[in-house]
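In this text, residue positions in the sequence shown follow my numbering: the first is 694, and each later residue adds one. Beta carbons: idealized from backbone N, C-alpha and C, even for Gly. Source: prediction; values computed, not measured. Here the structure comes first, spelled out in structure tokens, and everything after it is commentary.
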Amino acid sequence: MSEARVMELMGESGIRRMVAAFYERVRVDDLIGPMYPEGDWEGAEERLADFLMFRLGGVPKYIEERGHPRLKMRHLPFRIGVAERDRWVALMNAAMEETAVPEEAAGFLGPFFAQVADFMRNQPEG
């Protein structure tokens with residue numbers, strides 16, 4: 694499975710639906726919800742959707758507007774441990790299920806999201 698195939702299966706609208714479903718969950722989540730600036734939910738949602746489309750070979754809007762993703766640096770101000778990582782992945786998995794992400798695309802995105810979420814960890818285990 695390639696990034697291009699995920700974009701073909703989901704399209705921009707599918708990615709945006711999945712990200713919107715994810716942020717609906719994040720807004721009410723007691724663990725990772727407080728990490729997000731209250732007045733920037735729409736911005737956070739747009740940035741994630743734009744990043745995913747860039748990463749999956751779609752439109753380069755994210756790079757054009759924000760430059761290199763620098764994900765680790767951008768997330769450094771937030772305490773991200775195992776619990777936060779696991780919650781982020783669980784919320785994204787629920788969003789993929791809710792929006793009926795095609796099985797082939799979910800098979801690619803699930804491990805990708807788990808890898809990225811683990812990369813964001815900046816707190817030791819335990």
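Asked: What three-state label does DSSP hand residue 816 in the structure shown?; Found: coil
Asked: Could you have a look at residue 694 and say whether DSSP puts it in helix, strand or coil?; Found: coil
Asked: Anyone know if the C-beta pair for residue 813 and residue 778 falls short of 8 Å?; Found: yes
Asked: For residue 716, collect the residues of the same chain with a Cβ closer than 6 Å to its Cβ; drop the 5 residues on either side in sequence, then sort them by chain order.; Found: 738
Asked: Excluding five sequence neighbours on each side, which residues of the same chain lie with their C-beta closer than 7 Å to the C-beta of residue 751?; Found: 700, 705
Asked: When the Cα atoms are used, what is the spatial distance from residue 711 to residue 789?; Found: 6 Å
Asked: Report yes if the C-beta distance between residue 718 and residue 784 is below 8 Å; otherwise report no.; Found: yes
Asked: CA-CA distance, residue 807 and residue 782?; Found: 6 Å
Asked: Tell me whether residue 694 is buried or exposed, calling it buried when 16 or more other Cβ atoms sit within 10 Å of its Cβ.; Found: exposed
Asked: By alpha-carbon positions, which one of 800, 773, 703, 793 ends up nearest to residue 726?; Found: 773
Asked: In this structure, how does DSSP classify residue 752 when only helix, strand and coil are distinguished?; Found: coil
Asked: What residues in its chain sit with their C-beta under 6 Å from that of residue 798, if we drop five residues either side in the sequence?; Found: 699, 702, 703
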